[in-house]
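Asks: Residue numbers (this note's numbering): 451 to 580. Positions of the beta carbon are idealized from the N, C-alpha and C atoms, including for glycine. None of these values were measured; they are calculated from a predicted model. Mind looking over this structure? Questions follow.
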């Protein structure tokens, strides 16, 4: 099963940007998520192939960076549908909204348990490693 939030993607982002900036990116991604899905819905309703492609690529790329693996997979799958303008908006939008909700729930848990870079991730005390 594809995770709602892939912590390994966050680790990579944190290594590249630093933990604080990576956390800020996740916060921004979450804040923009509803708007991104609405943009996809509007493009599908208008049957505008270019707008659909742009909106799905935006979600796909940002979801990949944020570790929103389900959203990334759904955007990738939708991009493979040809022609995209014939995709009914309802089912795809409901799926994306559900996955966005699961991502948001996973993010709350992720922040609640705390995060430190891969070298410090929830490691047991050294005495237990021996």
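Would you identify the three-state DSSP class for residue 451, choosing helix, strand or coil?
Replies: Residue 451: coil per DSSP, three-state reduction.
Asks: For residue 521, which residues in the same chain have their Cβ closer than 7 Å to its Cβ, ignoring the five residues on either side in sequence?
Replies: So the list reads 509, 513, 546, 549, 550 and 553, once near-sequence residues are dropped.
Asks: So, residue 537 versus residue 507, is the Cβ gap smaller than 8 Å?
Replies: Cβ atoms of residue 537 and residue 507: not closer than 8 Å.
Asks: Nearest-angstrom Cα distance between residue 501 and residue 563?
Replies: Roughly 38 Å separates the two Cα atoms.
Asks: Do residue 456 and residue 511 have their C-beta atoms within less than 8 Å of each other?
Replies: In this structure, residue 511 does not lie closer than 8 Å to residue 456 by Cβ.
Asks: Using the beta-carbon count (16 or more within 10 Å), is residue 517 buried or exposed?
Replies: Counting Cβ neighbours within 10 Å, residue 517 comes out buried, since at least 16 surround it.
Asks: Hey, residue 525 and residue 452 are a contact pair by Cβ (cut 8 Å); roughly how many whole angstroms apart?
Replies: That pair is no contact at about 12 Å.
Asks: When the Cα atoms are used, what is the spatial distance from residue 458 to residue 557?
Replies: So the two alpha carbons sit approximately 13 Å from each other.
Asks: For residue 530, count neighbouring Cβ atoms within 10 angstroms of its own Cβ and tell me buried if that reaches 16, exposed if not.
Replies: That one is exposed.
Asks: Can you check whether the CB of residue 475 is closer than 8 Å to the CB of residue 482?
Replies: No, they are not a contact pair.
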